[in-house]
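Residue 1370 in our numbering sits at position 299 of the sequence shown, and the numbers go up by one each step.
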Amino acid sequence: MEGWSDFLILESDTKREVRSSIPPDIGICEDYLREVLDKASRFHMYPFHSCVNCGPRYSIMIKPPYDRENTSMKRFPLCEECRKEYEDPQNLRRFFAQGISCSTCGPKVYLLDSFGKVISSNDPILEAGKLLQEGYTVAVKGIGGYHIAVIATSSEAVERLRRRKKRGKKPFALMARDIAIVERNAYLNERERQAIASPQRPIVLLRKKSDSCIVPEVAPGLSTLGFMIPYTALHYLLLDSTQDKVAVMTSANISGEPTCTTLSCVLDNLGEAIDFILDHNRPIINRVDDSVIKFVEGKEMFLRRSRGYAPSWIEVKTHFPKPVISLGAFLNNTGAIAFENKVVLTPHIGDLDSYSSIKFLFSELNKLSSWYGLSRSKVAVVIDKHPLFPQNRLYKKILHTQYEEEITVQHHCAHAFQAIAEFEWDKISGSTAITIDGTGYGEDGEIWGGEVLTVGEYGCKRVASIRDFPLFGGDLAAVEATRPLAGILASYFTDGAEDLLGSLKLSDEDKKRVSLFLKIIDAKIERIPSSSSLGRLLDAVGCAIGFGCHADYDGEIPMMLEDLSYNGKEDNRVEISHIEERGLIKIDPRKALEIISDIEKDEFSNYVYTLLLKIGEKFGDIAARKTKSDYVILSGGAAVNKFLLKGIKRILEENGKELIVPNVVPPGDGGISLGQAIYAGQVLNGYIKTKR
1072 MEGWSDFLIL ESDTKREVRS SIPPDIGICE DYLREVLDKA SRFHMYPFHS
1122 CVNCGPRYSI MIKPPYDREN TSMKRFPLCE ECRKEYEDPQ NLRRFFAQGI
1172 SCSTCGPKVY LLDSFGKVIS SNDPILEAGK LLQEGYTVAV KGIGGYHIAV
1222 IATSSEAVER LRRRKKRGKK PFALMARDIA IVERNAYLNE RERQAIASPQ
1272 RPIVLLRKKS DSCIVPEVAP GLSTLGFMIP YTALHYLLLD STQDKVAVMT
1322 SANISGEPTC TTLSCVLDNL GEAIDFILDH NRPIINRVDD SVIKFVEGKE
1372 MFLRRSRGYA PSWIEVKTHF PKPVISLGAF LNNTGAIAFE NKVVLTPHIG
1422 DLDSYSSIKF LFSELNKLSS WYGLSRSKVA VVIDKHPLFP QNRLYKKILH
1472 TQYEEEITVQ HHCAHAFQAI AEFEWDKISG STAITIDGTG YGEDGEIWGG
1522 EVLTVGEYGC KRVASIRDFP LFGGDLAAVE ATRPLAGILA SYFTDGAEDL
1572 LGSLKLSDED KKRVSLFLKI IDAKIERIPS SSSLGRLLDA VGCAIGFGCH
1622 ADYDGEIPMM LEDLSYNGKE DNRVEISHIE ERGLIKIDPR KALEIISDIE
1672 KDEFSNYVYT LLLKIGEKFG DIAARKTKSD YVILSGGAAV NKFLLKGIKR
1722 ILEENGKELI VPNVVPPGDG GISLGQAIYA GQVLNGYIKT KR
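So this is what it looks like as structure tokens:
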């Protein structure tokens, strides 16, 4: 734990205890936008005003309650006109509106060069828009952090940003001036339209139109785009200053680090990645990243729950006899605190692979604990069973003596519990849970990721999984698909592995790598962990059909397979079976994999579509037969795959079972802190019998 000597958990200040939900940041309302665009309004072209219906909340809060003197707006005393409206009870939109300000008394905006020097301009926002249109990269200070923006219609500008930010192929988010611009570039149904225009203003994943002006480099290899519309007047005015009214708007951070919230962070870490900075002088108190939503088979599902939603509390059916703190997962982390019948998740933290990210997690948990008056000596801390998670190691090394009790829960069991927060225990006990993702530390110390669990007084019991295979290379297997492919060939096909490898669609170089890994596995020089990961299985499939054997970002290959499947039809040659080993049902994809060499390139979409559908159906069939209730739970990062979900739903509907997916948090690791809290609540209430 070197480097943590300066880490402190402060004693809660119970004098600041609050029992009302912390307000999240709310996107600009239509009334305010009309005023900004109205030449007769005193707020014309002013980017920082807000009313009782909109504006920053959590991101500017120093402490509760949400009063102006407790926010970063306290440094901007109200002018006479603003104070008159603020104190007028007849003014329904501005009476006691804590964020009220105008060009006379409020924050100011500045245009800076990449060294932080102010550039003289009568209209910094208009000038920044012109610079974007000319292809320059501009860092933009929002309400919960900085973005990096480039024009989304220039391949050269987007590629330059990828090189400078070392971004690889991971998709960029987009911000369009308004819904009309979104509709020019992507297909929108009514529910997607409502979500993207909601006060929360999330990013919504949409299908790209063939005549879209958005260049392919924004989301390489994908036909989906992540769109949001402005949540501040500053963003609206900036985009309105460009020709196509749409720009890449990606988080301003270096890989593995939290988003920048200060100018010094941008200059120190991103100076070489940007050309200009659109800055302002209202401090960001609390970092909040953009939220992301995807509609899957008619279900609205979070991919990230943050701005607009966090940290407002979630009311659950579990009553907590003592407060709980959850430390979450390693990837896409959020933490949580729980008390009474409420769970408060932190905003998105991100992957915990840096000192800054771990510090961010504990800082958020400490702040929320203090605000809600949690005394650490009376708190139960719940952690994942993985022995090497950095937040767990920090807790066990330094902090465990400060808390009353520790509860551990297996990764996929927590996934199951994050879906049942809205259900009473007696209704859900006895249900089965399908938990599908890329990785999780299993009860047996192996790598799980394609599981069917039963939920009951024992917590979770594993009843089925993807047929396991050796996963050579540890974390490298998540980015090098040749490794899981080698494990699958070695385990599923034994003596015929080399022959099957020769018939696959890989490049010669990738075949050599797989062949080398096969020899290493066969030599049994060292113990290689086994895996039942659906994510790694799909990585191997993508590699085997020549889709690429290297992933630039988490979930890249499964996302590309899902994208390919939109044009697919069922292929009767694809078959998924199962076997039983030592009392455990193993979902066996061998028959589907051994025909890959027979699939022509123009049949790949049909093959992958059917493979995903059949895997989903097999999971659904096992779960429907094993459940002792009317419900089947679905959770984990792969739960957002449209075609896996479609297959699961089809079988459950045939069997009269109701599918439960997480509604209030992501089904992936970003929602696991909720699952940990709900699990701990059942333990503390005595519904789950476990050693304490």
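C-beta: ideal position from N, C-alpha, C; glycine also. Please read these numbers as outputs of a predicted model, since none were measured by experiment.
Inter-residue Cα distance where the pair is residue i and residue j
i	j	result
G1216	A1323	8 Å
M1132	L1432	17 Å
V1172	C1153	The sequence given here places Ser at residue 1172; Val does not occur at that position. Cα to Cα, the separation comes out at about 6 Å.
F1494	R1554	40 Å
G1558	G1521	16 Å
T1691	I1518	For the sequence presented, residue 1691 should be read as Gly rather than Thr. Roughly 22 Å separates the two Cα atoms.
D1593	P1541	10 Å
T1333	G1639	47 Å
L1723	G1200	51 Å
G1606	F1347	39 Å
L1560	C1336	47 Å
D1077	K1430	At D1077, the pLDDT of 45 sits below 50, so the modelled position is not reliable and the matter cannot be decided from this model.
P1127	Y1678	47 Å
W1075	V1453	Note that W1075 has pLDDT 45, beneath the 50 cutoff, so the model's placement of it is unreliable and no number is given.
V1107	D1138	24 Å
P1148	R1264	38 Å
R1248	E1101	13 Å
E1411	E1652	43 Å
K1685	L1293	23 Å
L1745	L1587	42 Å
Within 9 Å, strictly: CB atoms of residue i and residue j
i	j	result
A1743	H1390	The question names Ala, but residue 1743 is Ile in the sequence shown. No, the Cβ-Cβ distance between I1743 and H1390 is not below 9 Å.
P1737	N1463	no
Q1271	G1527	no
L1572	C1620	no
K1583	L1575	no
Q1169	F1488	no
I1491	I1190	no
P1242	V1275	no
N1256	L1296	yes
S1602	A1548	yes
I1345	V1209	yes
V1359	I1219	no
V1645	A1622	no
L1556	V1534	no
L1609	I1628	yes
E1328	S1425	yes
R1376	V1735	yes
Own chain residues within Cβ distance below 6 Å of residue i, not counting five before or after
i	result
D1455	H1482
E1729	D1701 and Y1702
K1179	N1352
G1752	T1389 and F1391
D1659	R1538, S1648, H1649 and I1650
I1731	A1490, Y1702 and I1704
E1082	With a pLDDT of 44 at E1082, under the threshold of 50, the predicted position of this residue should be treated as unreliable, though the coordinate-derived value follows. For E1082, where only same-chain residues beyond five positions count, there are no Cβ hits under 6 Å.
7 Å Cβ shell around residue i - same chain, five flanking residues per side excluded
i	result
P1118	V1180, I1196, T1303, A1304, L1305 and L1308
S1192	L1182 and E1198
P1600	E1517, I1518 and L1542
G1613	A1552, G1619, I1628, M1631 and L1632
R1164	D1102, C1122, V1123 and N1124
A1710	I1507, L1716, V1732 and P1738
Extent of the continuous beta strand (DSSP E) run through residue i
i	result
C1531	G1530 to I1537
F1410	A1407 to L1416
K1365	V1363 to V1367
G1527	I1518 to G1527
K1322	Reading the sequence as shown, one finds Ser at residue 1322 and not Lys. V1317 to S1322 is the extent of the beta strand (DSSP E) around S1322.
A1244	A1244 to A1247
E1805	What the structure shows of the chain is the stretch from 1072 to 1763, and residue 1805 is not part of that stretch, so it cannot be assessed.
Extent of the continuous alpha helix (DSSP H) to which residue i belongs
i	result
A1251	I1250 to N1256
W1496	W1496 to I1499
E1288	That residue, E1288, is in no alpha helix (DSSP H); it is neither H nor E in DSSP.
R1090	Unbroken run through R1090: none, as it is neither H nor E.
In DSSP terms, what residue i is bridged to
i	result
K1279	A1257
F1210	For the record, residue 1210 in the displayed sequence is Ala; it is not Phe. A1210 pairs with I1219 and I1348.
P1541	S1601
A1304	DSSP output for A1304 lists no bridge partner at all.
D1184	F1347
Neighbourhood of residue i by C-beta distance below 8 Å, restricted to the same chain and skipping five residues each side
i	result
G1342	S1185 and F1186
G1239	R1233, D1623 and Y1624
Proximity test, residue i beta-carbon vs the ligand NAD heavy atom, cut-off 8 Å
i	result
P1135	No copy of the ligand NAD occurs in the structure displayed, which carries no ligand at all.
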